[in-house]
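Take a look at the structure below.
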Amino acid sequence: MSDPASILRELQKHSQSLRQSSQLLLQQIQEQESGLNKLRHQLSAVLAHSESTQRLIRALSAPGVLPAGSQEAKSEEAGAASASAGPDGGDTIGDTDIGSRKRTALLSGTMLGYMQPPAKVMRTADPADKADPADKAEPAGAAQQDIWHSFAQGLTIEAGWARVLASEFPKPYFQRLANFLRYEYATSIVYPSPEKIFNWSHLSPWSFDDSGSDTGIRVVLIGQDPYINPSQAVGLSFSVPRGMQIPPSLRNIYKELSNDLPEEFPVIPNHGCLDGWARQGVLLLNAIQTVRQKESNSHVDSGWAEFTSAVVKAIDEKAPLSVVFLLMGRQAQRFETLVRNPKHKIVKSAHPSPLSAARFFGCKVFSKTNNLLEAAGRRKVNWADL
Numbered sequence: 206m207s208d209p210a211s212i213l214r215e216l217q218k219h220s221q222s223l224r225q226s227s228q229l230l231l232q233q234i235q236e237q238e239s240g241l242n243k244l245r246h247q248l249s250a251v252l253a254h255s256e257s258t259q260r261l262i263r264a265l266s267a268p269g270v271l272p273a274g275s276q277e278a279k280s281e282e283a284g285a286a287s288a289s290a291g292p293d294g295g296d297t298i299g300d301t302d303i304g305s306r307k308r309t310a311l312l313s314g315t316m317l318g319y320m321q322p323p324a325k326v327m328r329t330a331d332p333a334d335k336a337d338p339a340d341k342a343e344p345a346g347a348a349q350q351d352i353w354h355s356f357a358q359g360l361t362i363e364a365g366w367a368r369v370l371a372s373e374f375p376k377p378y379f380q381r382l383a384n385f386l387r388y389e390y391a392t393s394i395v396y397p398s399p400e401k402i403f404n405w406s407h408l409s410p411w412s413f414d415d416s417g418s419d420t421g422i423r424v425v426l427i428g429q430d431p432y433i434n435p436s437q438a439v440g441l442s443f444s445v446p447r448g449m450q451i452p453p454s455l456r457n458i459y460k461e462l463s464n465d466l467p468e469e470f471p472v473i474p475n476h477g478c479l480d481g482w483a484r485q486g487v488l489l490l491n492a493i494q495t496v497r498q499k500e501s502n503s504h505v506d507s508g509w510a511e512f513t514s515a516v517v518k519a520i521d522e523k524a525p526l527s528v529v530f531l532l533m534g535r536q537a538q539r540f541e542t543l544v545r546n547p548k549h550k551i552v553k554s555a556h557p558s559p560l561s562a563a564r565f566f567g568c569k570v571f572s573k574t575n576n577l578l579e580a581a582g583r584r585k586v587n588w589a590d591l
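Just so you know, we're using the numbering used here here: the sequence shown kicks off at 206 and counts up by one.
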């Protein structure tokens with residue numbers, strides 16, 4: 206019979222061997238799990254790419270999207286021609302001959318410029334005009350008209366603003382913007398819905414008249430881009446529909462109003478709908494007027510900034526009465542250099558976001574705005590009229 210010391214040594218050796226075997230087995234399991242995780246991620250990426258590809262296919266399969274003569278039997282010929290002519294198949298973005306465009310270029314992602322809107326790309330909404338709204342677009346070819354109207358059948362801009370901004374719509378940047386939007390709305394979730402993009406123009410119409418009466422825009426309040434969550438964006442900066450939770454920035458605006466004008470704004474509203482301000486001539490304009498769901502600044506390079514600049518310039522150059530530009534935050538203050546007419550005034554503050562609220566509170570921009578309006582002989586804004 207072995208002595209206890211020998212038995213202990215054998216047990217220790219056996220225990221060490223078991224530990225090494227366990228560690229080796231654990232390492233093998235971890236390697237297998239790592240491989241499975243890697244495979245899982247690769248599979249997820251493939252599925253996501255497949256879904257994205259299906260959305261693109263559905264968008265390109267819409268009537269009139271692919272150029273005539275470039276589908277099915279002619280797709281290989283188009284691809285070969287595109288390869289020999291360069292990434293754009295020899296066509297320029299401004300080319301009006303849509304039928305000559307190559308399918309390969311469309312599928313390569315160079316979508317902008319391939320879906321030119323009609324010569325007059327915007328339809329206007331004039332309450333006095335009983336004609337068919339579709340007749341307000343002058344087509345540059347039936348295919349182009351169908352492509353544009355398939356996206357924009359509900360997209361209207363107020364008649365006065367349409368006249369003031371008429372020179373912008375034929376410009377290449379706006380055509381690219383229109384094509385970009387049609388593609389984005391076809392392949393992604395985008396806010397606001399198309400019919401609400403120009404909501405600001407309807408609630409704050411270009412209603413100046415030649416009599417000098419106190420009508421039209423009196424304040425321009427520029428935001429950044431629309432809210433990124435469902436059902437929030439309405440085509441007005443900072444505003445949300447009644448029944449929605451008040452966003453933090455707007456709640457801070459209400460708090461500052463209550464402190465700045467306690468007698469005129471004694472109670473903080475229980476909703477975030479700013480239609481009442483818009484109807485008084487407070488233009489609630491986002492610098493970037495569309496956005497993908499959950500992706501702030503996703504449309505920042507789309508052409509919206511140039512269009513918003515055109516709106517600011519139009520007010521600066523064509524508004525017959527004094528207008529106050531209320532610029533909250535650095536993004537809005539980038540438009541300050543476009544305001545050159547001395548009759549217009551500028552009021553600036555930090556952004557009301559919780560990130561900069563400490564610098565925003567106490568700015569008194571709302572009383573300053575009303576004081577400037579009254580000094581110019583215009584009615585002040587009733588901020589409590591919501």
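From the three backbone atoms N, C-alpha and C, an ideal C-beta is built for every residue, glycine too.
Item to check | DSSP-derived helix/strand/coil call for Ser554 | outcome: When secondary structure is reduced to three states using DSSP, Ser554 falls in the strand class.
Item to check | Nearest candidate by alpha-carbon position, reference Leu526, set Gly508, Asn546, Leu532 | outcome: It is Asn546 whose Cα lies nearest to the Cα of Leu526.
Next on the checklist: What would DSSP say about Ile212, mapped onto helix, strand or coil?
Outcome noted: In the structure shown, Ile212 sits in a helix (DSSP, three-state: H, G or I).
Checklist entry - What residue range is occupied by the uninterrupted alpha helix (DSSP H) comprising Thr542? => result Unbroken run through Thr542: none, as it is neither H nor E.
Item to check | When Phe571, Ser409, Thr574 are compared against Gly481, the one with the closest alpha-carbon | outcome: Among Phe571, Ser409, Thr574, the Cα nearest to that of Gly481 is on Ser409.
Checklist entry - DSSP beta-bridge partners for Glu500? => result In DSSP, Glu500 forms a bridge with Arg497.
Checklist entry - Which of helix, strand or coil does DSSP assign to Leu489? => result For Leu489, the secondary structure class from DSSP, reduced to helix, strand or coil, is strand.
Checklist entry - Sorted by chain position, which residues of the same chain lie with C-beta nearer than 7 Å to Ile422's C-beta, five sequence neighbours on each side aside? => result These residues qualify, in order along the chain: Ser409, Gly486, Leu488, Ile520, Ala524, Val528.
Item to check | C-alpha gap between Cys568 and Ile473, whole angstroms | outcome: Roughly 18 Å separates the two Cα atoms.
Checklist entry - At what residue ranges does the stretch 434-491 contain a whole run of the beta strand (DSSP E), taking only runs of 3 or more? => result Qualifying beta strand (DSSP E) stretches, in chain order: 487-491.
Checklist entry - Rounded C-beta distance between Ile427 and Ala492? I'm assuming under 8 Å. => result With a contact defined as Cβ atoms closer than 8 Å, Ile427 and Ala492 qualify at about 6 Å.
Next on the checklist: For Ser418, tell me which candidate among Arg583, Asp208, Ile212 has the shortest Cα-Cα distance.
Outcome noted: Here the closest residue by C-alpha is Arg583.
Checklist entry - Below 8 Å, can you find three or more Cβ-Cβ pairs linking the stretch 568-578 to the stretch 399-414? => result Taking a cut-off of 8 Å for Cβ pairs, the stretch 568-578 and the stretch 399-414 do not touch, as fewer than three such pairs fall below it.
Item to check | Three-way DSSP call (helix, strand, coil) for Leu560 in this model | outcome: Secondary structure at Leu560: coil, using DSSP grouped into helix, strand and coil.
Checklist entry - According to DSSP, is Asp590 helix, strand or coil? => result In the structure shown, Asp590 adopts coil according to DSSP, grouped into three states.
Checklist entry - Cα-Cα, which of Asp208, Gly508, Phe470 is closest to Tyr378? => result If you compare the alpha carbons of Asp208, Gly508, Phe470 with that of Tyr378, the shortest gap goes to Gly508.
Next on the checklist: According to DSSP, simplified to helix, strand and coil, what is Tyr396?
Outcome noted: Residue state, collapsed to three classes: strand.
Next on the checklist: On the criterion of 16 or more Cβ atoms from any shown chain inside 10 Å, does Ala383 qualify as buried, or is it exposed?
Outcome noted: Burial call: buried.
Item to check | Buried or exposed by the 16-neighbour rule on C-beta atoms within 10 Å, applied to Ala367 | outcome: So Ala367 ends up on the buried side.
Item to check | Ala438 versus Val517, Glu236, Glu400, Asn464, residue with shortest Cα-Cα distance | outcome: That would be Glu400, whose Cα lies nearest to the Cα of Ala438.
Item to check | Pairwise C-alpha distance: Ser501 and Pro446 | outcome: Straight-line Cα distance between these residues: approximately 20 Å.
Checklist entry - Where does the unbroken beta strand (DSSP E) through Val424 begin, and where does it stop? => result Looking at the DSSP string, the run of the beta strand (DSSP E) that includes Val424 is 424-428.
Checklist entry - Hey, how far is the Cα of Asn434 from the Cα of Leu229? => result So the two alpha carbons sit approximately 49 Å from each other.
Item to check | Through-space distance from Ile402 to Tyr388, alpha-carbon basis | outcome: The straight-line gap from Cα to Cα measures roughly 16 Å.
Checklist entry - When DSSP labels each residue in this structure, what does Val505 get in the three-state scheme? => result Here DSSP, grouped into helix, strand and coil, assigns Val505 to coil.
Item to check | Beta-carbon contacts of Ser558 that lie in its chain and below 6 Å, excluding the five residues immediately before and after | outcome: Within the same chain, Cβ atoms closer than 6 Å to the Cβ of Ser558 are found at Ser454, the five residues on either side in sequence being excluded.
Next on the checklist: Need the endpoints of the beta strand (DSSP E) that Glu363 sits in, please.
Outcome noted: Glu363: member of the beta strand (DSSP E) spanning 361-363, first to last residue.
Next on the checklist: Quick check: what's the CA-CA separation for Pro452 versus Ala562?
Outcome noted: Their backbone Cα atoms lie some 13 Å apart in a straight line.
Checklist entry - Going by the CB atoms, is the gap between Gln536 and Ser396 shorter than 8 Å? => result Correcting the residue identity first, residue 396 is Tyr in this sequence and not Ser. Going by C-beta atoms, Tyr396 is not nearer than 8 Å to Gln536.
Item to check | Alpha-carbon to alpha-carbon, Glu236 and Leu479 | outcome: Using only the alpha carbons, I get a separation of about 57 Å.
Checklist entry - Count the other CB atoms within 10 Å of the CB of Gly440; is the residue buried (16 or more) or exposed (fewer)? => result The residue is buried, with at least 16 neighbouring Cβ atoms inside 10 Å.
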